[in-house]
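Protein chains in written order, with our numbering: chain A, 395 to 625; chain B, 3 to 235.
In this text, a Cβ means the ideal position worked out from N, Cα and C, and glycines have one as well.
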């Protein structure tokens with residue numbers, strides 16, 4: 395996809411809402427925990443690093459407790475946040491239609507709020523998170539009690555690490571570097587994206603316009619959308 | 003919406019593959035491992051070995067290295083690498099099991115039986131335990147004399163046909179195949195012969211002193227029986 399992503403300079407930029415606080419919260423909890431877990435995990439795992447780790451017991455504790463905090467935070471966000479928005483997002487993510495399949499095979503096809511690549515990324519990330527958690531609990535158990543000693547969880551946890559680093563590299567490239575997609579980062583930080591960008595890259599999606607005052611104060615993370623808190 | 007079936011199937015498919023990996027991961031990785039180039043071993047633990055240290059790999063000058071045998075012996079020893087190599091060398095193939103779940107099979111070791119080493123020093127009658135002190139302080143571990151005399155226990159100098167590499171405990175490490183890896187002290191600098199038992203590094207962190215493979219470190223059972231006992235009191 396080529397062409398200018400710049401809105402005409404004379405018109406005020408209009409923004410549409412892409413993610414609410416719950417969705418963004420979930421994303422950033424996941425992202426933060428992933429980096430801590432990856433850093434401590436690599437320090438424990440890679441021969442070149444693990445041989446240099448000064449205090450294996452401490453690194454292991456940080457890794458395990460970060461995982462516990464991650465799981466607790468996810469549960470908390472889902473319990474207290476806007477579950478309707480999460481369900482709606484997941485419904486959209488799961489719906490991989492004809493246009494999505496055409497898009498994935500390199501054809502031009504109109505995309506909704508999520509393009510097919512974003513849908514696949516979300517699906518793979520969710521499945522990996524669950525598998526990381528399951529294999530991680532089994533690893534913890536097997537090191538604690540020899541009757542649960544078992545090589546399967548090690549292989550799964552290792553393989554997931556390699557695959558999710560590859561996924562992360564692609565994700566970071568598209569979110570931060572690639573010119574036509576990096577505007578999406580604004581949607582995940584501030585919640586809204588430029589209307590012209592949305593229309594161009596996500597024509598099948600008609601997002602609610604962001605209230606004008608939120609556009610003026612676009613640097614604040616305050617979310618004017620009423621949150622549907624759990625009753 | 004019918005399209006959702008596709009996404010749901012993708013999610014469940016990945017999940018299913020992962021769960022299958024829990025069951026057959028060992029076989030799959032053993033198969034896949036054949037196609038992984040050896041050079042990758044430095045970066046990724048592809049050959050099964052993982053290098054766990056508590057303070058990092060110690061630096062040892064092999065020219066100045068001495069293995070000291072001290073404590074309850076008639077003649078304390080201070081042996082250079084050449085001295086160690088001049089003692090009777092034996093070879094064996096045995097498996098290595100880490101308590102955290104990974105194993106390496108058919109490792110070829112070459113080294114010295116503890117009896118041959120201890121014969122040089124001469125044991126005093128009250129000698130009962132061998133305490134192995136690693137250059138990676140404060141890593142220590144203890145074997146009973148009886149355990150050290152197992153036919154497959156040794157102080158290894160070579161692994162898979164080559165002198166031990168630094169990550170694997172160069173120049174000398176304990177090999178105790180019937181027990182978990184944490185009993186296999188690497189970078190041994192001192193063997194202290196004692197009459198009393200002193201717990202090793204991981205034993206002070208809750209692991210069993212007798213680390214029999216498949217028969218030790220049943221923590222959950224111990225915990226529950228502790229609770230049961232406390233409940234009865």
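Burial state of residue 610 (chain A) (16 or more Cβ within 10 Å): Its pLDDT being 46, under 50, residue 610 (chain A) is placed unreliably by the model, and the measurement read from it follows with that caveat. So residue 610 (chain A) ends up on the exposed side.
Does the beta-carbon of residue 540 (chain A) have 16 or more other beta-carbons within 10 angstroms, so that it is buried, or is it exposed? buried
Using the Cα positions of residue 159 (chain B) and residue 175 (chain B), report the straight-line distance between them to the nearest angstrom. 7 Å
What separation, rounded to the nearest whole angstrom, lies between the Cα atoms of residue 501 (chain A) and residue 490 (chain A)? 15 Å
Compare the C-beta of residue 530 (chain A) against all C-beta atoms of chain B and say whether one is closer than 7 Å. no
Residue 582 (chain A), enclosing beta strand (DSSP E) - first and last residue: Note, residue 582 (chain A): premise wrong, no beta strand (DSSP E); alpha helix (DSSP H) at 578 to 583.
Candidates B:141, B:150 and B:113, of which the one nearest residue 129 (chain B) by Cα: B:150
Contact between the region 96 to 104 of chain B and the region 119 to 133 of chain B: three or more CB pairs below 8 Å? no
Any residues in the region 512 to 528 of chain A with a beta carbon nearer than 8 Å to a beta carbon of chain B? Which ones, in chain order? 513, 514, 517, 518, 520, 521, 522, 524, 525 and 528
Name, please, each residue of chain B whose Cβ falls closer than 7 Å to the Cβ of residue 544 (chain A). 103
Looking at the strands, I want to know which residues DSSP matches up with residue 417 (chain A). BP columns for residue 417 (chain A) are empty, so no partner.
Taking three-plus beta-carbon pairs below 8 Å as touching, is the region 458 to 478 of chain A in contact with the region 64 to 76 of chain B? no
Taking all protein chains shown into account, do 16 or more other C-beta atoms lie within 10 angstroms of the C-beta of residue 210 (chain B), making it buried, or fewer, making it exposed? buried
If the cut is a Cβ gap below 7 Å, which residues of chain B does residue 506 (chain A) touch? Within 7 Å Cβ-Cβ: nothing; residue 506 (chain A) doesn't reach chain B, min ~11 Å.
Mind reading off the beta-carbon distance from residue 27 (chain B) to residue 549 (chain A)? Whole number of angstroms is fine, and I expect it under 8 Å. 3 Å
For the beta strand (DSSP E) containing residue 64 (chain B), list its first residue and its last residue. No beta strand (DSSP E) contains residue 64 (chain B), which DSSP labels as neither H nor E.
For residue 114 (chain B), write down the residues that DSSP places opposite it in a beta bridge. B:157
Compute the distance between the beta-carbons of residue 66 (chain B) and residue 80 (chain B), then report whether it is under 7 Å. no
Alpha carbon to alpha carbon, how far is residue 577 (chain A) from residue 496 (chain A)? Give it in angstroms, no decimals. 23 Å
Segment limits, alpha helix (DSSP H) that includes residue 99 (chain B): First-last for residue 99 (chain B): 92 to 99, but that is the beta strand (DSSP E), not the alpha helix (DSSP H).
Am I right that residue 411 (chain A) and residue 604 (chain A) are in contact with their C-beta atoms under 8 Å? What's the rounded C-beta distance? 5 Å
Of the listed residues B:36, B:173, B:204 and B:135, nearest to residue 183 (chain B) (C-alpha basis): B:204
Tell me which residue opens and which closes the beta strand (DSSP E) that residue 541 (chain A) is part of. Run containing residue 541 (chain A): none; DSSP gives neither H nor E here.
Short CB-CB distance (under 7 Å) between residue 453 (chain A) and chain B: no
Report the rounded CA-to-CA distance for residue 59 (chain B) versus residue 171 (chain B), giving the unit in angstroms. 8 Å
Tell me which same chain residues have a C-beta within less than 7 Å of the C-beta of residue 227 (chain B), skipping the five on either side of it? Caution applies to residue 227 (chain B), whose pLDDT of 44 falls short of 50 and renders its modelled position unreliable; the value that the coordinates give is listed next. Within the same chain, residue 227 (chain B) has no close Cβ partners at all.
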